[in-house]
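Visitor: Position in the sequence shown (first residue = 1) + 44 = our numbering.
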Amino acid sequence: MGTTYKCCLIFKRRFHSRDAPPPDDVRALFSLHSGGGPHMGADGLRRYLHASGHEDALDDAEVDRLLDQIRLQQQGRARLPRLARPLLALDDFHRYLFSHDLNPPIRHPQVHHDMSRPLSHYFIYTGHNSYLTGNQLSSDCSDVPIIKALQRGVRVIELDMWPNSTKDDINILHGRTLTTPVSLIKCLRSIKEYAFVASPYPVIITLEDHLPADLQEKVAKMVLQVFGNILYYPDTDQLKEFPSPEELKGRVLLSTKPPKEYLEAKVGTMKEGDADLHLGKGASNDAAWGKEVPDFHTEIKSAKKHDDDVSEYQRDDEDENDDDEDDEEEQKMQPHIAPQYKHLITIRAGKPKGSLADALKSDPDKVRRLSLSEQQLAKVAEDHGTEIVRFTQRNILRIYPKGTRVTSSNYNPFLGWVLGAQMVAFNMQGYGRALWLMHGFYKANGGCGYVKKPDFLMQTEPEVFDPREPQPVKKTLKVKVYMGDGWRMDFKQTHFDQYSPPDFYARVGIAGVPADSVMKKTKAIEDNWVPVWEEEFSFPLTVPEIALLRVEVHEYDMSEKDDFGGQTVLPVSELRPGIRAVALFDRKGNKYNHVKLLMRFEFV
45 MGTTYKCCLI
55 FKRRFHSRDA
65 PPPDDVRALF
75 SLHSGGGPHM
85 GADGLRRYLH
95 ASGHEDALDD
105 AEVDRLLDQI
115 RLQQQGRARL
125 PRLARPLLAL
135 DDFHRYLFSH
145 DLNPPIRHPQ
155 VHHDMSRPLS
165 HYFIYTGHNS
175 YLTGNQLSSD
185 CSDVPIIKAL
195 QRGVRVIELD
205 MWPNSTKDDI
215 NILHGRTLTT
225 PVSLIKCLRS
235 IKEYAFVASP
245 YPVIITLEDH
255 LPADLQEKVA
265 KMVLQVFGNI
275 LYYPDTDQLK
285 EFPSPEELKG
295 RVLLSTKPPK
305 EYLEAKVGTM
315 KEGDADLHLG
325 KGASNDAAWG
335 KEVPDFHTEI
345 KSAKKHDDDV
355 SEYQRDDEDE
365 NDDDEDDEEE
375 QKMQPHIAPQ
385 YKHLITIRAG
395 KPKGSLADAL
405 KSDPDKVRRL
415 SLSEQQLAKV
425 AEDHGTEIVR
435 FTQRNILRIY
445 PKGTRVTSSN
455 YNPFLGWVLG
465 AQMVAFNMQG
475 YGRALWLMHG
485 FYKANGGCGY
495 VKKPDFLMQT
505 EPEVFDPREP
515 QPVKKTLKVK
525 VYMGDGWRMD
535 FKQTHFDQYS
545 PPDFYARVGI
555 AGVPADSVMK
565 KTKAIEDNWV
575 PVWEEEFSFP
585 LTVPEIALLR
595 VEVHEYDMSE
605 KDDFGGQTVL
615 PVSELRPGIR
625 AVALFDRKGN
635 KYNHVKLLMR
645 FEFV
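#1: So, for His138: in the same chain, excluding its five sequence neighbours on each side, which residues have a beta-carbon less than 7 angstroms away from its beta-carbon?
#2: For the candidate residues Ile249, Phe435 and Leu521, whose alpha-carbon lies nearest to that of Pro588?
#3: Does the beta carbon of Gly394 fall short of 8 angstroms from some heavy atom of the ligand SAH?
#4: If I measure Cβ to Cβ from Lys635 and keep anything under 6 angstroms in the same chain, skipping five residues before and after, which residues do I get?
#5: Quick check on Leu134: does DSSP put it in helix, strand or coil?
#6: So, is Asp187 buried or exposed, given that buried needs 16 or more other C-beta atoms within 10 angstroms?
#7: Mind the definition here: the region 398-406 touches the region 422-430 only if three or more C-beta pairs lie below 8 angstroms; say whether that holds.
#8: Rounded to a whole number of angstroms, what is the C-alpha to C-alpha distance between Asn173 and Met602?
#9: Give a yes or no on contact between the region 440-456 and the region 405-422, applying the rule of three or more CB pairs nearer than 8 angstroms.
#10: Can you give me the C-alpha to C-alpha distance between Asp279 and Lys335, rounded to a whole angstrom?
#11: With a CB to CB cut of under 7 angstroms and the five nearest residues on each side skipped, what residues in its chain are close to Tyr385?
#12: Any chance the region 551-563 sits against the region 528-535, with 3 or more Cβ pairs inside 8 angstroms?
#13: Between Ala624 and the rest of its own chain, which residues show a CB-CB distance below 7 angstroms, the 5 nearest in sequence each way excluded?
#14: Tell me whether Asn471 is buried or exposed, calling it buried when 16 or more other Cβ atoms sit within 10 Å of its Cβ.
#15: Can you check the region 209-268 for any beta strand (DSSP E) of at least 3 residues that lies completely inside it and give the ranges in chain order?
#16: Please work out which residues of its chain come closer than 6 angstroms, Cβ to Cβ, to Val574, disregarding the five sequence neighbours upstream and downstream, and give them in chain order.
#17: Can you name the start and end residues of the beta strand (DSSP E) that Ser582 belongs to?
#18: Using the Cβ count rule (16 or more neighbours within 10 Å means buried), how would you classify Lys301?
#19: Spatial neighbours of Ser561 within its chain, please: C-beta separation below 7 angstroms, excluding the five flanking residues on both sides.
#20: By alpha-carbon positions, which one of His144, Asp135, Ser164 and Arg109 ends up nearest to Trp461?
#21: Are Tyr175 and Val226 closer than 9 angstroms when you measure CB to CB?
#22: Secondary structure at Thr430, three-state DSSP: helix, strand or coil?
#23: Comparing C-alpha positions only, which one of Lys397, Pro558 and Tyr526 sits nearest to Pro511?
#24: Where does Arg62 land, buried or exposed, given buried means 16+ other C-beta within 10 angstroms?
#25: Name the residue from Ser209, Asp213 and Tyr238 whose alpha carbon lies nearest to the alpha carbon of Ile190.
#26: Three or more beta-carbon pairs under 8 angstroms between the region 491-503 and the region 473-482, yes or no?
#27: Need the endpoints of the beta strand (DSSP E) that Ala627 sits in, please.
#28: Assuming Leu459 is part of the alpha helix (DSSP H), what are its boundary residues?
#29: If you run the structure through DSSP and keep just helix, strand and coil, what is Pro302?
#30: On the three-state DSSP scale, how would you describe Val70?
#31: Excluding the 5 residues preceding and the 5 following Val354 in the sequence, name in chain order all residues of the same chain whose CB lies nearer than 6 angstroms to its CB.
#32: In whole angstroms, give me the CA-to-CA distance for Lys192 and Ser75.
#33: Can you tell me which residues form a DSSP beta bridge with Arg161?
#34: What residue does the alpha helix (DSSP H) around Gln384 start on, and which one ends it?
#35: Contact defined as beta carbons within less than 8 angstroms: I believe Ser288 pairs with Arg161. What is the distance between those atoms, to the nearest angstrom?
#36: By DSSP, does Trp531 sit in helix, in strand, or in coil?
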């Protein structure tokens, strides 16, 4: 069996292709648990599962069922009667190890964190401008990206509310831009329909409110009409502690602070040419996914360096933060706020009067949400890291992309996570390496959209965690990349190269705190759809609790930019030790049908 490629318009080159044999490590495992024989029975498979850390003890019926599933993966093999069923051969065992469905890399496929703590104890899967289909300046607004986000497990949806042209209804759009609006009622109905398809835990709607009181009252009626008894709101004006995700299962919450902007704000003040100017000419998708994520120390230095360089869109960042004005402004606004609307707000946003450092002081009598742009957080993080960590132990901190990210790109999420920020808001409609990290992080805890913060971010004794302090290495992750397969089924023969099979190499590394972050790569395997690398890497980890394993495959191209062959990001805390099948995803985070790697994970 082989593949034929045209060469120089006249000649043809034929390349032989065949399945790669099982790696030596797989052969050794099979020999160990089969007792050195040519076949492995139910007892041998059970011994292997126990030795490899399988969480649940399997009874005879479950082992037999797994044996059936393994054998049925071989194409063309018919299901045999139980009495005639042969035992597993080496190839069957290899096929089982290389099955993402039967041998995935993640330890827990279901929720396993304690979900009974207050919301402030969790990282929450958060979207930014959830209604946009593309860039921040001129794309359409729709409920479709909201639906896609909820289907992926996102738990925080952001809606920007503005009066329509006749001032009698509410539109959702990115204000002062050329984005085309979508109606609020359509977004609310879609949220209700898809809120709990991926997770039973609460959906939080953050509202950027640019409405007068009469339309606020209309919002209240819409929200009550659409959500009914699944809408949660507190009996008191101020919460002393947030409820838990467990208490709020199947509920929808609102989070906002009524702003003063609606008194003078106008929509659509940007001219058509401005969008082209700020989007830039020739900004390609490849540029978006190809850019490496900078470590957050670099982002902090960059924010300080440009502290005095305030562009138009950085001012927009500050405008958005005006939603969190001081308590004195809130008192002035009270006559304008529809009372029923105000009563429906569970997570209240507010910034006390004074400096940003003052805003990080926690009030023992009430909890609130504070919003900062990525740049604002970077500026304050170096000097006030411990205050931010302490603030996020009871209150909620939301981080959003800076205004210059008009192409809907994203930032390094660890900038917020290492400080305990619960709502690290991302543009989910874009794609790129930063968004891959976000997708990977929330594969933890069964993909429910809530990940309990590690204990070190919640400790107060002997002292609050200081992200500036160097940490000792807690453990080392050893990763071995054996081989890959599936591209020949998911891609056309000439997708990577017109004249020969692809030359694949893998990049493997860690995303996390700067001390842990690194990327390494294998050699390129020439002219092979089933590359065998057999290379091992070690990664010392100082903060393994929030570290992510990054895996990418590229096809080496001597004359042009290397082609993309797949990626995945996995939470280190949930990796299953042993040999596992690792499925790869495309640039937008969609799983390929067949592309996967065979890898081994070991903690020392």
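Note that the Cβ used here is the ideal one computed from N, Cα and C, for glycine as well.
Guide: Result, derived from the coordinates:
#1: Pro66 and Val70
#2: Leu521
#3: Inclusion of the ligand SAH in the displayed structure is not the case, the ligand content being empty and no account of it being possible.
#4: In chain order, Ala627 and Phe629 place their CB closer than 6 angstroms to the CB of Lys635, counting only its own chain and leaving out the 5 sequence neighbours on each side.
#5: helix
#6: Buried: at least 16 other Cβ atoms inside 10 Å.
#7: Yes, since at least three Cβ pairs between the region 398-406 and the region 422-430 fall closer than 8 angstroms, the two stretches touch.
#8: Looking at the two C-alpha atoms, the distance is approximately 40 angstroms.
#9: yes
#10: The alpha-carbon atoms of Asp279 and Lys335 are separated by roughly 48 angstroms.
#11: Gln260, Glu261, Val263 and Ala264
#12: no
#13: In the sequence under discussion, the amino acid at residue 624 is Arg, which differs from the Ala named in the question. Contacts found: Asn147, Pro148, Pro149, Met643 and Phe645.
#14: buried
#15: With a minimum length of 3 residues, the unbroken runs of beta strand (DSSP E) contained wholly in the region 209-268 fall at 214-216 and 247-253.
#16: Ala64 and Asp529
#17: Segment Val576 to Leu585, the beta strand (DSSP E) holding Ser582.
#18: Lys301 comes out buried.
#19: Around Ser561, the same chain offers Asp339, Ile554 and Ala555 as residues with beta carbons nearer than 7 angstroms, after the five sequence neighbours per side are excluded.
#20: Ser164
#21: The criterion of a C-beta distance shorter than 9 angstroms is satisfied by Tyr175 and Val226.
#22: Of the three classes helix, strand and coil, the one that applies to Thr430 here is helix, per DSSP.
#23: Pro558
#24: exposed
#25: Per the Cα distances, Tyr238.
#26: The region 491-503, when compared against the region 473-482, does not touch it at the 8 angstroms Cβ threshold.
#27: Note, Ala627: beta strand (DSSP E), Gly622 to Phe629.
#28: Phe458 to Trp461
#29: Residue placement at Pro302 cannot be trusted, given a pLDDT of 47 that sits under 50; the coordinates are not used to answer.
#30: Here Val70 sits in helix by DSSP.
#31: Residue placement at Val354 is flagged as unreliable, the pLDDT there being 41, under the threshold of 50; the coordinate-derived value follows with that caveat. Contacts found: none.
#32: 46 angstroms
#33: Note: Arg161 sits in no beta bridge, so no partner.
#34: Pro383 to His387
#35: Between Ser288 and Arg161 the beta-carbon gap is near 6 angstroms, inside 8 angstroms, which marks them as a contact.
#36: Secondary structure at Trp531: helix, using DSSP grouped into helix, strand and coil.
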